[in-house]
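Trainee: Provided herewith is a single structure, encoded as structure tokens, for subsequent inquiry.
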Amino acid sequence: MDFRLSEEQLEIQDMVRKFARNEIAPLAAEIDRESRFPAETFRKMGELGLLGLLIPEEYGGVGQGVLTFCVAMEEIAWACASTSLSYLAHSVLCAHNLACNGSDAQKRKYLPDLASGKKLGAIAMTEPGAGSDVLSITTFAERSGGEYVINGSKTFITNAPVADTFLVYVRTDKQAGPGGISQFIVERGFPGFSVGQPFHKMGMRGSPTAELFFDDCRVPAENLVRGENRALGILLGGLDVERTVGAAMAVGGGRAAFDRARSYAMERQQFGQPIAMFEMIIEKLANMSMEIEAARLLAYKAATLCDQGVRCSAEASHAKLFGSEMAVRAASDAVQILGGYGYMQEYEVERILRDVRMGTIGGGTSEIQRLIIAKEILGRN
Ligand SMILES: Cc1cc2nc3c(=O)[nH]c(=O)nc-3n(C[C@H](O)[C@H](O)[C@H](O)COP(=O)(O)OP(=O)(O)OC[C@H]3O[C@@H](n4cnc5c(N)ncnc54)[C@H](O)[C@@H]3O)c2cc1C
């Protein structure tokens, strides 16, 4: 077991860290305040190759694996959680999913534009009546000649207001339960497809979220991924990667809170000494540091399994559950360490707390992660 990153991974980490500090972090407060998607950042990320990090070189990407992506994700999430969430939806949930499951023709058509950032991506699983119970989706696609006709709706879709390419899970067999789900590539502009107004959210405000509506939406049959009723494995495998990268995102958020709390605790004087000298404060910082490191190791382990092509639902759930709850604890403790200043917008930890709070909900709630882990424990001999 070697805990060191490769030379190439260290170079990518260094490049992304500089970019995140110089280009992403300075916009974080503004895009939160204005609920504005940072299109200019995504343009630059496309130029740097970051949007195609997981896309194979033959389709215009950089051809890196999930572990390297986690390394990059932590840096971006450290700088701005909203940017990291939209990056996750575009690069992992849409582009990487298509790179793993699409046909050669589908990949040639869609991946180069996703890698360059000319087009932005999203994924649509959740429906108003199917959240945690995602396999009960009812949005339905029926074949009609050379097309499929989709009816139904999706909700809480990250990037929906700005995306061009949507991977959409629908039902194609009403009797087959989880085995009756298919995946389609839907383009903005397909007849019968529309996007709702952005939701007003507690946090992650620079990452727009909206509903999708399918009203006799016509999709060419060649946009069906893998074949009818073949998407259960795609969906479950995709969730493993989503949760793994979501864990790395949480590590970045936790580290952002920790860094601010640490600096403040060393500077702020009360009772004639820096507050870091008080045991109750340094204990919080020590716990934050330990938990960030533990969360990173869990994320790296799940990412390594993803890269080895091993199904890793329990490991991904361990990483996502621990990481997302760690980030909430770290951000909440950071607010406490900053005292009244922590409650003020100027000091940023309140924004970090609002942002990381989403991590225990999106991509499967903490309760659902515990159920997955419980199933794994009880299923062992
Ligand atoms: C900012 C944001 C972005 C998102 N982006 C996307 C996206 O891009 N694409 C997408 O498809 N979805 C997206 N989602 C949706 C997200 O995945 C769902 O919100 C999540 O899976 C929970 O579903 P729900 O909101 O319907 O809650 P529900 O499933 O209704 O859950 C409500 C509560 O009940 C609990 N609960 C449910 N079932 C059980 C059970 N069996 N045992 C114990 N407790 C249970 C839950 O844990 C939760 O606490 C996003 C959500 C948010 C907030």
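Each residue of the sequence shown is one higher than the one before, starting from 2 at the first, in our numbering.
Don't be surprised by glycine CBs; every beta carbon is placed ideally from N, CA and C.
(1) Do A320 and A300 have their C-beta atoms within less than 8 Å of each other?
(2) Would I276 and A266 qualify as a contact pair, given that the criterion is a beta-carbon distance under 8 Å?
(3) Return the first residue and the last residue of the alpha helix (DSSP H) that K108 is part of.
(4) When you compare only the Cα positions, how much space is there between S85 and R22?
(5) Leaving out five residues on either side along the sequence, give the residues of the same chain with a beta carbon under 7 Å from the beta carbon of S183.
(6) Under DSSP, the beta strand (DSSP E) around Q184 begins and ends at which residues?
(7) Three or more C-beta pairs under 8 Å: does that hold for the region 250-260 against the region 287-302?
(8) Is it true that the CB of R312 sits closer than 8 Å to the CB of G238?
(9) Measuring CA to CA, which of Y60, A317, F323 and A29 is closest to K110?
(10) Taking 8 Å as the threshold (C-beta atoms), are K155 and L68 in contact?
(11) Could you pull out every residue in the same chain whose Cβ sits closer than 7 Å to the Cβ of E188, ignoring the five residues on either side in sequence?
(12) For the alpha helix (DSSP H) that D356 lies in, which residues bound it at each end?
(13) Should Y149 and F185 be called a contact, given that it needs their Cβ atoms to be closer than 8 Å?
(14) Report buried or exposed for D216, applying the criterion of at least 16 other Cβ atoms within 10 angstroms of its Cβ.
(15) Taking 7 Å as the limit between beta carbons, can you name the residues of its chain near E76, skipping five residues before and five after?
(16) For C307, which of helix, strand or coil comes out of DSSP?
Mentor: To lay it out plainly:
(1) Using a Cβ distance threshold of 8 Å, A320 and A300 count as a contacting pair.
(2) For I276 and A266, yes; Cβs fall inside 8 Å.
(3) In the DSSP annotation of this structure, the continuous segment of the alpha helix (DSSP H) that includes K108 starts and ends at D105 to S117.
(4) Rounded to whole angstroms, S85 to R22 spans 13 Å at the Cα level.
(5) Correct list, in chain order: A142, V171, T173, L225, E229, N230, R231 and A232.
(6) Here the beta strand (DSSP E) through Q184 covers I182 to E188.
(7) Touching, yes.
(8) For G238 and R312, yes; Cβs fall inside 8 Å.
(9) Minimum Cα distance to K110 is reached at Y60.
(10) Not in contact: L68 and K155 (Cβ atoms no closer than 8 Å).
(11) Residues D165 and T166 of the same chain have their beta carbon placed closer than 7 Å to that of E188, with the five preceding and five following residues left out of the count.
(12) Under the DSSP assignment, D356 falls in the alpha helix (DSSP H) whose first and last residues are V350 to V357.
(13) In this structure, F185 lies closer than 8 Å to Y149 by Cβ.
(14) Classification for D216: exposed.
(15) Cβ neighbours of E76 within its own chain (closer than 7 Å, five residues either side excluded): Q14, V17, R18, A21 and G253.
(16) Under the three-state reduction of DSSP, C307 is assigned to helix.
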